[in-house]
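Here's the structure we're looking at; comments come further down.
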């Protein structure tokens, strides 16, 4: 079936907001097997909206609308689209009571205009809105469907997931299941070469999304029921795991810091960090995770040599002979902060994030990352030429987190050299 | 004049990418005084593209296209739109040489298809592309204009700025000038009340954009020449400064951390931070600014009481009697880290970012922020109910940075209590 996406709102035409709803709905429709030929944006103007709605109904079997469902006089999407699909609308007492209750609960006055929101499809159906006052609507005429959803993404997304998707799945006679595998330690093009064969399927599909310092694999299967779709995803995911192994650090939306926090708590281990060029980014990422206080002892962001000696007990001779950006200083930072904090694992990062401060011998983008546990410190040398300060810092923090994860799980420390501490 | 925006690309219909070009172009058109009634997205399909191009030419005086100018067979925007505006296209030898040179310079093979890119408007004109091989095009017929630009933003934005905007300004007989004032310390609705009168003008315009923990005022003026537009902006900006004073902390794109770094360097001052609930966010923001090593001494992220005592010399009795989240501990953290680091200013933050850890007496969202300089420590109490962990942390870091800024500039410390240190 083919589908079309229409966003209603002057703020989109003015460029005040980005049309993220269109991308969200486009992805969802693609995953459901709908073909989208057109997307439109139109303002809160009844004539122009009617024109767009008419064209869309003529050329597309399913039309998804976002926006224009509010209580103000210029929100006319429902009335206009209802007319296009020949629906007379009717006043719904129950819907009205719901809106009344919503206003009472937030102690806000209800206006006469809010009454308009209780007009519901006579031939179609109402779509529940759990996160706002404006209910959605579905209109249908001669096998042509319109789905109207509110503009704010925090209302639209739940409404799509709970109300619209099941109806669209029924039309396509299918359900969808997705998994996201998060991969660290293999660059996108190398990864693409390793899994090329797995990216060619039509159902399930697998696609790579490159992010800074990681790649996400999205697997999506379409099947007659949830169980079958899950099984199809599972089979393909197993093939990714067979190739990528422990480079897949987690599944889902949450980044490496979540994996590290959970892994440390599960293992009863604690972490301390000493950062120079990343300036607290590792500790910031760790502590952004709720519950991290269970496993995080402290972070020291030491920009000056003085502080490296004072708080981290880095040796002044090493600083003088090897310089602050050296494997030896990274090692002593990791070991020093761990001992200071009494933590199981210590991480140390020193490098040149740029844009200034580079030399021929130690260029911008050179970072040493160390992780200490037991009587061993592992050190990794990273060189990121021609990258911005932000990318260098993020990539270094990601490597540090992955090293902590690998230590906690007893995994191999790829690309690191091991240094035994003098007892 | 009215205008329309059309994006061409299957990747937009699939939701693989976000249509940021539409927002960029919409903002630019609004600023230039064009009225935009419609935006569309259509795939690389000649029939459907022709249909959309025809509708757009009929209803809009100016149509801006993005995408579909590449060398592949499915990139047909130029040919299709040329036909709509009755332009036969012609082969351009100079354009062809330019494309040849581009491929030679990047040591990439040139395909027969790249020849297609040297077909240029016969009645309109070519738009130079400084960042890619695909030149843009302008077509014109009976006072109706189409501007074709490439899809990648890093090609489209410079082409719009250098080639398209001047032509549009000529049509509107104007130039534009904008200023962005960054405001901290006044909530959006209060701010709106204070400057309501200044937001009503049509030229120059002023609009408020609420962000987390700050509001941006954008002033835009349209005039016959740059000097006149600048003067109009300046006059309106002066009125904002008269009302908002030192709540305007900077102008432009860069956040509070840039102001703090520059202010401290200018004043020859240094900073040290001690963070609990913000977990290194302040030090991370400061060190994200190039050159911050000149003014930043160190940051300590102390999650445990033990570390607060060990590294920051917070008194164990105070921790026991007042608890870690208390004005007294914030004060001692700010003072302790400053003394440890030998810095001019010390900042201390302690609070409950949530979602766990709150009590009736000390709820989630309660944060104490302290800043120490000379013999005084200033302490601010912040209570952000019903906010997410990320928002609480960002708002607390913003307040801490503003307190540092105010100390460095000798400005009033709004909402803070002063504590004199025992000599």
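Chains as they are written, first to last, in our numbering: chain C, 248 to 670; chain B, 248 to 670.
Even for Gly, the Cβ is constructed at its ideal location relative to N, Cα and C.
Quick caveat: nothing in here was measured; it's all calculated off a predicted structure.
When only Cα atoms are considered, residue 608 of chain C and residue 597 of chain C end up about 15 Å apart. Annotation for residue 442 of chain C: 487 and 490 place their beta carbon closer than 7 Å to its own, counting only its chain and skipping 5 residues before and after. Under the DSSP assignment, residue 491 of chain B falls in the alpha helix (DSSP H) whose first and last residues are 473 to 491. With contacts defined as CB atoms closer than 9 Å, residue 595 of chain C and residue 580 of chain C qualify as a contacting pair. Below 8 Å, too few C-beta pairs join the segment 453 to 465 of chain B and the segment 388 to 406 of chain B to call them touching: fewer than three. By the neighbour-count criterion, in which 16 or more other beta carbons inside 10 Å mark a residue as buried, residue 532 of chain C falls on the buried side. CA-CA distance, residue 642 of chain C to residue 459 of chain C, rounds to 7 Å. Annotated as distal: residue 571 of chain C and residue 259 of chain B, with beta-carbon spacing of 9 Å or more. Taking 9 Å as the cut-off, the beta carbon of residue 636 of chain B is found no closer than this to the beta carbon of residue 593 of chain B.
Any Cβ of chain B closer than 9 Å to the Cβ of residue 549 of chain C would place that residue at the interface, and such an atom is present. Relative to the Cα of residue 366 of chain C, the nearest Cα in the group C/347, C/348 and C/337 belongs to C/337. With three or more CB-CB distances shorter than 8 Å, the segment 288 to 308 of chain C counts as touching the segment 325 to 340 of chain C. In this structure residue 289 of chain B does not touch residue 251 of chain B by the C-beta definition: roughly 12 Å separates them, more than the 8 Å allowed. 269, 270, 271, 272, 273, 274, 275, 276, 277, 283, 284, 285 and 286: these are the residues of the segment 268 to 286 of chain B whose beta carbon lies less than 8 Å from some beta carbon of chain C, given in chain order. For residue 549 of chain B, the enclosing beta strand (DSSP E) begins and ends at 543 to 549. In its chain, beyond the 5 residues on either side, 599 and 611 have a beta carbon closer than 6 Å to the beta carbon of residue 605 of chain B. Residue contact with chain B for residue 537 of chain C: present (Cβ-Cβ distance below 9 Å to some residue of chain B).
Taking 3 residues as the shortest admissible run, the segment 357 to 390 of chain C contains the following complete beta strand (DSSP E) segments, listed from N- to C-terminal end: 372 to 374 and 383 to 388. In the structure shown, the three-state DSSP call for residue 294 of chain B is helix.
The continuous beta strand (DSSP E) containing residue 495 of chain B extends over residues 495 to 498. DSSP, read as helix, strand or coil, puts residue 248 of chain C in coil. At a Cβ-Cβ threshold of 9 Å, residue 470 of chain B and residue 545 of chain B do not count as neighbours.
Interface with chain B (9 Å Cβ-Cβ cutoff): residue 508 of chain C is excluded. Here the C-alpha atom of residue 447 of chain B lies approximately 48 Å from the C-alpha atom of residue 549 of chain B.
Neighbours of residue 290 of chain C in chain B, taken as residues at a C-beta separation under 9 Å, are given in chain order as 283, 284 and 285. A Cβ-Cβ contact shorter than 9 Å links residue 349 of chain B with residue 380 of chain B.
In this model, residue 662 of chain B and residue 652 of chain B are separated by some 15 Å (Cα to Cα). Only those residues of the segment 584 to 603 of chain C whose C-beta falls short of 9 Å from the nearest C-beta of chain B are listed: 587, 588, 589, 600, 601, 602 and 603. Across the segment 404 to 432 of chain C, no CB contact with chain B closer than 9 Å is found for any residue. Cβ neighbours of residue 462 of chain B within its own chain (closer than 6 Å, five residues either side excluded): 430, 435, 438 and 455.
With fewer than 16 other CB atoms across the displayed protein chains lying within 10 angstroms of its CB, residue 633 of chain B is exposed. Taking a contact as a CB-CB distance under 8 Å, the pair residue 511 of chain C and residue 655 of chain C counts as one, their CB atoms being some 6 Å apart.
By the rule that beta-carbons nearer than 9 Å mark a contact, residue 324 of chain B does not touch chain C. Around the beta carbon of residue 513 of chain C, a 10 Å sphere encloses fewer than 16 other beta carbons of the protein chains shown; the residue is thus reported as exposed.
Close CB contacts of residue 425 of chain C within its chain, under the 6 Å cut and outside five residues either way in sequence, are with 467 (chain order). Contact annotation for residue 530 of chain B against chain C: 526, 527 and 548 [CB-CB distance below 7 Å, chain order].
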